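A short write-up of the structure that comes next.
Protein chains in written order, with this note's numbering: chain X, 4 to 286; chain F, 6 to 273; chain C, 40 to 324.
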């Protein structure tokens, strides 16, 4: 079966830029996968996000080469309104992507643009608000919500358009812990309960270790690694060169390994670590 | 200054369709431009102020506007006094200056004309916010679209208005950050210093606005903005009998006004 | 001998114009050389309280004194020379056309003698490793460099106390290390450092004193050791101790709080049987 997303040797440079922002990127994503996109600042993660819904190349211009296919659409030919029905994009700063005067207007905006019948829009809006836990907020002003609520609202806005794929660019990096957790909870459920394919850019490695099926490690515009979280977080030379800090338990187990201890397995979560340590005590 | 909680007002003006209000706005604009006679302008001003109070809008924004406008008003008055060819001389100022048409006297007509000019601007300055403050933005946008304004254009206009509060917010944060750098915004400093301080406020503000607008563009497009499809509007608007009445009244006013003007009334 | 008090809060309360009571009856002393982290959820009052330290906010009741002076009748521009405040977003503070000009702005505003201004700018450029960037336009700098510049600008007013509002939020690991390194350096030079943050691992690794706020009051206070040992209390405040601390707890360590990875590794090695790589001889037991 053909993958849902396919990138083949994609290179892109912003207009007037001397260097490409992403170089020779190739990977594929299957339906229902939870992909974490990690890497230091400036690695090209946001740029890559914009490639998923046609913003690059259609809004940003620049030069793009290579082949890519997103849910059967061609970002070079198919307009952003078409791609918007398959890919929902949520950016880092919650406040900036909200521009309507009421929550209901905000969530309905996308569906209105698609010319859906009014009853259908109202149904989708209330469904989306329920999923993200904002039922009852219909008449509130988006600007008056907390950061975490705004980010969940942004998710509801794209969810209402029923895309198969959701791309989220550092949705929690500007939020406080509670707000962040609530948003991450929604994202996990989007994958678990609705089967949405998720592409998440984040610096929260604990979350990646717990939920991601696969990790794409981007550094200086190149894809350094494309593998399961466990493979990435146990490869310390790679992590060091990419300036990534894995979950603390990984560092601890790595140190034990360096000091001569034999690990039956390399854990990346707290629970996993407790399991492995138990096995080691009784080895 | 213009952010008013619309729900709490519950005035008759709120219940009017957005189109009705826009038509009223257009009629007032035309009438105010047609006439230069102080009496007629004052009548329009009274009408507009009456509407303001029927709308139960607070008087604070009016006061702020007038304070801001005072200097401009004085300048306009002075200019008219010097340039307007009046005949009823009141006070002798100086020798005549034929080059600019100054007769050397402070004339009654000059003062009246000057006042009329000032009040024309005041009428416009009151009626525009009146519309905005009594019409939630989605209604305003719907009204524009139903009046055959292209959606994208209507969207740009109303979204710009809705972003004002967040610009105000940002401005407050930037001011705080800059206070911490030793900059003083308050009075008690040379004008140049204050001017420099304003520039230092504007630069981060404008840059931030640019960056945000790019993000906004991506967000809008990610939600199919501008799709070549007939757009649905969640909001519905229908004319009520009151709307018809107000629109009819506005058109009658316009007709009477135009007829008067054609007959030479209302101008000096 | 205890250090002198640099900032004193006596029963400080603050009420926002819209009626929200942000902080309630806070009494607190900050001593010279402190390295304090204020933590708590959004709305806990931590930022509101800290904004009293340089006069951005004046108490509704109670008093705040900075180096013995009441803040109530002092301007922020005056207090900024005692307490420097670095905002989360450096772009809110920068508007000059070169790095050197930006640093010189503050002293120039204070009418410092031009020669002294130049000398000060030079020394700050050196200190913060910005010397190669002196003529570059601030907007052309990377985020990390813009942050350094923002710190340099605060430093140019010679304050004794520094406040950093969310220094690591939104940054990657390298960026966090970089700014925290800078903050540690300032502290080593004798400055009093206050950070407001959500980043608990940062607090565990750098701060010497932690103040946890909740609903406008101080909920917990003490060394990182003391504060993070109260795992349940932190959880009730929706704050999480670092993973290493939670691991130690889960493994049954209750007599002390482990905050650092090397500590944890030592602890584990003391309790695990010595393991041998296949093919190697056990040389000692």
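Ideal placement from N, C-alpha and C gives every residue a C-beta, glycine not left out. This one's a predicted model, so the numbers in the text were calculated from it and none came from an experiment.
In whole angstroms, give me the CA-to-CA distance for residue i and residue j.
i                     : j                     : result
residue 106 (chain X) : residue 150 (chain F) : 21 Å
residue 141 (chain F) : residue 129 (chain F) : 20 Å
residue 32 (chain F)  : residue 38 (chain F)  : 10 Å
residue 202 (chain F) : residue 166 (chain F) : 26 Å
residue 198 (chain X) : residue 35 (chain X)  : 5 Å
residue 312 (chain C) : residue 81 (chain C)  : 45 Å
residue 7 (chain X)   : residue 54 (chain X)  : 14 Å
residue 117 (chain C) : residue 96 (chain C)  : 14 Å
residue 217 (chain X) : residue 12 (chain X)  : 19 Å
residue 185 (chain X) : residue 187 (chain C) : 33 Å
residue 244 (chain F) : residue 133 (chain F) : 21 Å
residue 156 (chain F) : residue 5 (chain X)   : 39 Å
residue 284 (chain X) : residue 266 (chain X) : 11 Å
residue 199 (chain C) : residue 119 (chain C) : 10 Å
residue 43 (chain C)  : residue 238 (chain C) : 29 Å
residue 295 (chain C) : residue 168 (chain C) : 39 Å
residue 90 (chain X)  : residue 153 (chain F) : 32 Å
Thinking C-beta only, is residue j closer than 7 Å to residue i?
i                     : j                     : result
residue 54 (chain F)  : residue 124 (chain F) : no
residue 175 (chain F) : residue 213 (chain F) : yes
residue 105 (chain C) : residue 46 (chain C)  : yes
residue 14 (chain X)  : residue 49 (chain X)  : no
residue 25 (chain F)  : residue 252 (chain F) : yes
residue 211 (chain C) : residue 206 (chain X) : yes
residue 230 (chain C) : residue 201 (chain C) : yes
residue 259 (chain C) : residue 270 (chain C) : no
residue 120 (chain F) : residue 52 (chain F)  : no
residue 187 (chain F) : residue 94 (chain C)  : no
residue 271 (chain F) : residue 40 (chain F)  : yes
residue 132 (chain C) : residue 177 (chain F) : no
residue 284 (chain C) : residue 300 (chain C) : no
residue 44 (chain X)  : residue 209 (chain C) : no
residue 93 (chain X)  : residue 166 (chain X) : no
residue 60 (chain F)  : residue 27 (chain F)  : no
residue 204 (chain X) : residue 172 (chain X) : yes
residue 129 (chain C) : residue 185 (chain C) : yes
residue 141 (chain C) : residue 177 (chain C) : yes
residue 134 (chain C) : residue 205 (chain F) : yes
residue 219 (chain X) : residue 40 (chain X)  : yes
residue 235 (chain C) : residue 77 (chain C)  : yes
Does residue i get closer than 7 Å to chain D when you measure Cβ to Cβ?
i                     : result
residue 143 (chain F) : Protein chains X, F and C are contained in the structure displayed, whereas chain D is not.
Distance cutoff 7 Å, beta carbons only. Does residue i sit that close to anything in chain X?
i                     : result
residue 239 (chain F) : yes
residue 233 (chain C) : no
Does any residue of chain F bring its CB to less than 7 Å from the CB of residue i?
i                     : result
residue 139 (chain X) : no
residue 84 (chain X)  : yes
residue 77 (chain C)  : no
residue 105 (chain C) : no
residue 124 (chain C) : yes
residue 145 (chain C) : yes
Using DSSP bridges, identify the partner residues of residue i.
i                     : result
residue 94 (chain F)  : F:112
residue 53 (chain C)  : C:62
residue 253 (chain C) : C:256
residue 67 (chain X)  : X:15
residue 40 (chain X)  : X:204, X:219
residue 248 (chain C) : C:75
residue 231 (chain C) : C:200
residue 228 (chain X) : X:220
residue 92 (chain X)  : X:170
Within 7 Å of any Cβ in chain C, is that where the Cβ of residue i sits?
i                     : result
residue 258 (chain X) : yes
residue 179 (chain X) : yes
residue 190 (chain X) : no
residue 6 (chain F)   : Here the model assigns residue 6 (chain F) a pLDDT of 41, short of 50, so the residue's position is not dependable, and the following value carries that caveat. Taking Cβ atoms only, chain C never reaches closer than 7 Å to residue 6 (chain F), which makes this a no.
residue 49 (chain X)  : no
residue 214 (chain F) : no
Taking only heavy atoms of the ligand ATP into account, decide whether any of them is closer than 6 Å to the Cβ of residue i.
i                     : result
residue 126 (chain X) : Absence of the ligand ATP is noted for the structure shown, with no ligands found whatsoever.
Could you give the uninterrupted runs of the alpha helix (DSSP H) lying entirely in the region 168 to 229 of chain C, keeping only those of 4 residues or more?
-> 182 to 194, 212 to 227
Segments assigned beta strand (DSSP E), at least 3 residues, entirely inside the region 231 to 264 of chain X | none
Mind pulling the alpha helix (DSSP H) runs of 4 or more residues that sit fully within the region 102 to 163 of chain F?
-> 113 to 139, 142 to 151
Whole runs of the alpha helix (DSSP H) within the region 255 to 302 of chain C, excluding any shorter than 4 residues | 263 to 267, 270 to 275, 282 to 289
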